[in-house]
Structures are given as structure tokens and as C-alpha cells.
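Scroll down for the structure; my scribbles are underneath it.
In our numbering, the protein residues as written are 48 to 356.
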């Protein structure tokens, strides 16, 4: 498994990583979440030995990550690092050969991934001729070429349309089913909740929450009662609530041990209720609960990560 232990990194007076630690097991997808500048990219670069740490260690199956071990890692950075004038297929074959595949295997593997990611008809096009979304597909293929033991993906869904998102999600599930370990960072928390079994949330360079997605939601001290009326209804429950612009959908936040029947009965007395639910908060609410809305953009920390990039 991947084990990240005690990672510490300073940029001058800024403590970018402060004793960061977590693990990713084979056959597991872990979402790596945090506000801009929280330390996600620096951590991922440290895993790939692209950052010199002040303290801490990254190991794979108990051994420190060295160039030989790292060759079995697939990395997709948030920034595109491709040769814009190189043809798509040539680009993938070149990277496959750099990964150690022979010419024949590199060509066959490249064609397989072009087909799998919906790019079979774009192999002769230069990278710069592709749309942003298709360039993102190529970037994904570069990380997947030799079926690595560990995938480290920084914002893999960025710029993809819904069809491409579904396609890539299926590919990632296939990778973990064959036994790969997968760490991915994304601001699209609905996608994280859909594909990840566990999450690690960092804020200001520290791990503030980690665990199984379902367990983290269930352990939240709050629950959400959502009520939909047939028409706009002025319902004001005795609890914090939000109302949709059309006045039909109301969301009420209550303590985890609350019996929702009283709220539902009160809602029925106010109007024609067509639907309601009572559930733990979704992953985005859990995220905001631990990082706080005021920390979502820290200019100094964002600048530090941009300098590192």
C-alpha cells in the first residue's frame, strides 16, 4: 500500500505541509480534498518525488519510494505537460516507451487506450488541435498507459463533459478492480462521493478529517430534512433552513438525533407536500463543516503552491 507519513514542507515562513499522513490500499479509491492552497498538489508531488521534503516519508509496500518503485506509479498533474505540436498517438507511444514498454507493446497499448477513451479517430491530430476536454483525455491516458500499481490523479475530471466523466469514472473503477491503488484530487465533490470509498481532507497543510465516505456522513452531528411542496409555500420551521428560488423546496438542518416526524407533520399543515427526505449531509456539507467557508481561498497558500508548480 501507499503510506504517507509525517510529510512536512516549508516555503520560507509558510508551513505548506504540517505532518501530513494517510494510506491508500490496493483496490481502493481515496479522494484527496481541500480548499485551494491546502497542500494537495504539494503532497501529490511529494509522493512522486518531485518535491524535496523537510521531514516525513513516502513508502510503497513498506519500502521508501525510489526511482524503480516510482516507475510503477501513474501521475496526472493538474497542469498539462504535453508537447502541443506532437501527434496524439506518437505522444502516447513515446511516453509508453519511457515507461519501459517495447515498441510493439507501446503501440498496441496506445491504440487500446485511444479506443477506450474515445480518441481512436484523433490519433493523427496534434495535441494543440484538440479541445480542452480531449486534451484531458490524453492526459488521463498518459497516466494509465502501463497499468500502474498506483495512480495519483490531480483534478482528473476537470474540463470533461458528462459523457467523458462517466467514461473516465468507469475506467478508474476498472483500475482498482484489477488491484491498483488510486489517489485523486477533485473539487467536484459529487463525483468524489460517487467513485471514492474514502476521503482525506486537508486544510492549511494539515489533515483535518479522513475515513470512509459513508461513515463520515453518518457520523455527522447534523441531518437534513428536505421537503418539496406542490407550489411556493411560506414555511418557516423552528430550525436553520434554506428555500429554493421558486419557494417549493425547503431544506432544514437538525441535530442527528431529531425525530423528523414533527417537521414533516408541520410541513403538511402548511401546504401540499409532494416529497420529503431525511438523510445525513452529503460530502460537500461534511467538507464545508471541517474546512469552513472562510478558508476556501487563502491567497498566500495558493501562491505558494503556484510557485511550486
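All C-beta atoms in this analysis are idealised placements derived from N, C-alpha and C, irrespective of residue type, glycine included.
Starting from the C-beta of residue 171, find all residues in its chain whose C-beta is less than 6 Å away, skip the five residues before and the five after it, and write them out in chain order.
The residue you call residue 171 lines up with position 124 of the chain shown. Only 134 meet the Cβ criterion.
Looking at the structure shown, is residue 95 part of a helix, part of a strand, or coil, going by DSSP?
By one-based count along the chain shown, residue 95 stands at place 48. Coil, per DSSP.
Quick one: is residue 217 buried, meaning 16 or more other Cβ sit within 10 Å of its Cβ, or exposed?
For the purposes of this step, residue 217 is identified with residue 170 of the chain shown, where counting begins at 1. With fewer than 16 Cβ atoms within 10 Å of its Cβ, residue 217 is classed as exposed.
Put residue 280 into one of helix, strand or coil per three-state DSSP.
Within the chain shown, the letter at position 233 stands for residue 280. Three-state DSSP puts residue 280 in coil, outside helix and strand.
Do you know how far the Cα of residue 97 is from the Cα of residue 103?
Walking along the chain shown from the start, residue 103 turns up at place 56. Walking along the chain shown from the start, residue 97 turns up at place 50. Straight-line Cα distance between these residues: approximately 14 Å.
Using the C-alpha atoms, what's the distance from residue 84 back to residue 249?
The residue given as residue 249 occupies position 202 in the chain shown. The residue given as residue 84 occupies position 37 in the chain shown. Between residue 249 and residue 84, the C-alpha separation is close to 10 Å.
Expressed to the nearest angstrom, what Euclidean distance is found between the alpha-carbon atoms of residue 166 and residue 184?
Within the chain shown, the letter at position 119 stands for residue 166. Within the chain shown, the letter at position 137 stands for residue 184. Roughly 8 Å between the two C-alpha positions.
Tell me which residues share the same chain as residue 70 and place their Cβ nearer than 8 Å to its Cβ, disregarding the 5 neighbours each side in the sequence.
The sequence position of residue 70 within the chain shown is 23, counting from 1. Here the set comprises 48, 49, 50 and 51.
Decide if residue 312 is buried, meaning its Cβ has at least 16 other Cβ atoms within 10 Å, or exposed.
As a position in the chain shown, residue 312 is number 265, starting the count at 1. So residue 312 counts as exposed.
What's the C-alpha gap between residue 255 and residue 159?
Residue mapping note: residue 255 aligns to position 208 of the chain shown, counting from 1. Residue mapping note: residue 159 aligns to position 112 of the chain shown, counting from 1. The straight-line gap from Cα to Cα measures roughly 40 Å.
Does DSSP put residue 56 in a helix, in a strand, or in coil?
Taking the first residue of the chain shown as position 1, residue 56 is located at position 9. Looking at residue 56 - three-state DSSP - the assignment turns out to be strand.
Report the three-state DSSP secondary structure of residue 251 (helix, strand or coil).
As a first step, residue 251 must be located in the chain shown, where it is residue number 204. Coil.
Kindly indicate the opening and closing residues of the alpha helix (DSSP H) around residue 214.
For this step, residue 214 is matched to residue 167 along the chain shown. That run of the alpha helix (DSSP H) goes 209-224.
Going by DSSP, what residues sit across from residue 308 in a beta bridge?
In the chain shown, residue 308 corresponds to position 261, counting from 1. Bridge partners of residue 308: none, in fact.
Cα-Cα, which of 267, 139 and 120 is closest to residue 326?
Numbered from 1 along the chain shown, position 279 holds the residue referred to as residue 326. Comparing Cα-Cα distances from residue 326 to each of 267, 139 and 120, the minimum goes to 267.
Based on DSSP bridge pairs, tell me the residues matched to residue 76.
Your numbering for residue 76 matches position 29 in the chain shown. Per DSSP, 229.
Across which residues does DSSP place residue 64 in a beta bridge pair?
Against the chain shown, residue 64 aligns to sequence position 17. Answer by DSSP bridge pairing, in chain order: 56.
Touch check for the segment 294-311 and the segment 271-285: three-plus C-beta pairs under 8 Å?
With the cut-off at 8 Å, the segment 294-311 and the segment 271-285 touch.
Have a look at 95, 252, 214 and 285 and flag the residue whose alpha-carbon is nearest the alpha-carbon of residue 180.
Along the chain shown, one-based indexing puts residue 180 at 133. For residue 180, the nearest C-alpha among the options comes from 214.
Does the Cβ of residue 136 have 16 or more other Cβ atoms within 10 Å, making it buried, or fewer, making it exposed?
What you label residue 136 is simply residue 89 of the chain shown in a count that begins at 1. Looking at its Cβ environment, which holds 16 or more other Cβ atoms inside 10 Å, residue 136 is buried.
Taking the C-alpha atoms as reference points, what is the distance between residue 212 and residue 203?
Reading the chain shown from its first residue, position 165 is the one you call residue 212. Reading the chain shown from its first residue, position 156 is the one you call residue 203. So the two alpha carbons sit approximately 9 Å from each other.
Name the residue from 120, 251, 299 and 230 whose alpha carbon lies nearest to the alpha carbon of residue 190.
Within the chain shown, residue 190 is the residue found at index 143, counting from 1. For residue 190, the nearest C-alpha among the options comes from 120.
Looking only at its chain, what residues have a beta carbon closer than 8 Å to the beta carbon of residue 341, apart from the 5 residues adjacent to it on each side?
On the chain shown, position 294 is the one that residue 341 refers to. With a pLDDT of 48 at residue 341, under the threshold of 50, the modelled position of this residue cannot be trusted; read the value that follows with caution. Contacts found: none.
Going by Cα to Cα distance, which pick from 146, 238, 230 and 241 is closest to residue 247?
For this step, residue 247 is matched to residue 200 along the chain shown. It is 230.
What do you reckon, are the CB atoms on residue 56 and residue 78 nearer than 9 Å?
Locating residue 56 in the chain shown gives position 9, where the first residue counts as 1. Locating residue 78 in the chain shown gives position 31, where the first residue counts as 1. No, the pair does not count as a contact, with Cβ atoms beyond the cut-off.
When you compare each of 321, 251, 177 and 239 to residue 273 by their alpha carbons, which one comes out closest?
Within the chain shown, the letter at position 226 stands for residue 273. Per the Cα distances, 321.
Applying the criterion that 16 or more other CB atoms from any shown protein chain within 10 Å of the CB defines a buried residue, is residue 286 buried or exposed?
The residue given as residue 286 occupies position 239 in the chain shown. Exposed.
Can you say whether residue 142 is buried or exposed, counting buried as having 16 or more other CB atoms within 10 angstroms of its CB?
One-based indexing of the chain shown puts residue 142 at position 95. It counts as buried.
Between the Cα of residue 148 and the Cα atoms of 118, 129 and 127, which residue gives the shortest distance?
Along the chain shown, read from residue 1 onward, the residue named residue 148 stands at position 101. Selected option, being the one with the closest Cα: 118.
Taking 7 Å as the limit between beta carbons, can you name the residues of its chain near residue 324, skipping five residues before and five after?
Sequence index remark: in the chain shown, residue 324 carries index 277 (1-based). Cβ within range, chain order: 273.
What three-state label does DSSP hand residue 296 in the structure shown?
Working through the chain shown from its first residue, we reach residue 296 at position 249. Residue state, collapsed to three classes: strand.
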